[in-house]
Amino acid sequence: MFNIVSKPPMYDQQAVQPMRDELIAVGFTELLTPEDVDKAINVKDDKTVLVMINSVCGCAAGSARPGVSLALQNNIIPDKLYTGFAGQERDAVDRIRQYIKGFPPSSPSVALFKNGELLYFMRRMDIEGFTAEQIANTLVQVFNKYCTAKGPSISPEQFAQVQYAKQCGSKIPLFKG
């Protein structure tokens, strides 16, 4: 009767969980379905929405996740924080990418939206080769320009306890379904 087709994850789900946990620990909510994405981004409430497309790659581990987390220690941050995991919730990430008009698919990446419209996009090429501190500095400038919510997303004491997964996709087992 119904033929619901969704793309299976590419990587072992337990192996990528620490990479998910980093963002959840600093206040992100996961977008697991295309419907979740629409409910998060396509909202006309004058709130800023930060969406990070997470990834198993080395630049996500070495600079993107730590940089975004550090930026969220700023005194001004986005109103809402969401993440989708490339290669995992593939349909949800495809939907996120539909909102990022004018840019090819990129992971990791960071997008800031307001009222469903893209305000800022940090592509992989803006992440790769940059330190977490450089990424955080760039995002803090973006937050200060577009956002009004009071930060940080978590207390400095909680932030000091966040553990970062320092592995890349070449070491992650594939999903065996």
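In our numbering, the protein residues as written are 451 to 627.
For every residue, glycine included, the Cβ atom is placed at its ideal position computed from N, Cα and C.
Nothing here was measured: the structure is a model prediction, and the numbers come from that model.
Item, Value
"Do you know how far the Cα of Y549 is from the Cα of V560?", "12 Å"
"Can you name the start and end residues of the alpha helix (DSSP H) that F593 belongs to?", "A582 to Y596"
"I need the boundaries of the beta strand (DSSP E) containing A561, first residue and last residue.", "S559 to K564"
"Of the choices A536, V466 and L562, whose alpha-carbon is the least far from that of K457?", "A536"
"What first and last residue would you give for the beta strand (DSSP E) that runs through A517?", "According to the sequence displayed, residue 517 carries Gly and not Ala. Unbroken run through G517 is the alpha helix (DSSP H), R515 to A521; no beta strand (DSSP E)."
"Within 10 angstroms of its Cβ, does P606 collect 16 or more other Cβ (buried), or is it exposed?", "exposed"
"Tell me whether the beta-carbon of V476 lies closer than 8 Å to the beta-carbon of L522.", "yes"
"Could you give the first and the last residue of the continuous alpha helix (DSSP H) run that contains I491?", "P484 to I491"
"Using CA coordinates, which residue listed in P554, I577 and K530 is at the minimum distance from F563?", "K530"
"Can you have a look at M572 and say buried or exposed, based on whether 16 or more other CB atoms are within 10 angstroms of its CB?", "buried"
"State the Cα-Cα distance for the pair I526 and T598, rounded to the nearest angstrom.", "6 Å"
"What's the call for M502, buried or exposed, on a 16-neighbour Cβ count within 10 Å?", "buried"
"Classify P528 as buried or exposed, calling it buried when 16 or more other Cβ atoms lie within 10 Å of its own Cβ.", "buried"
"Taking just the CA atoms, how far does F553 sit from I474?", "26 Å"
"So, for A542: in the same chain, excluding its five sequence neighbours on each side, which residues have a beta-carbon less than 7 Å away from its beta-carbon?", "L481, L482, T483, P484, D486, V487 and G534"
"In this structure, what does DSSP give as the bridge partners for I474?", "None; I474 has no bridge partner."
"Expressed to the nearest angstrom, what Euclidean distance is found between the alpha-carbon atoms of Q608 and T581?", "22 Å"
"Leaving out five residues on either side along the sequence, give the residues of the same chain with a beta carbon under 6 Å from the beta carbon of S505.", "A536, S557 and P558"
"Within 10 angstroms of the Cβ of G517, are there 16 or more other Cβ atoms? Answer buried if so, exposed if not.", "buried"
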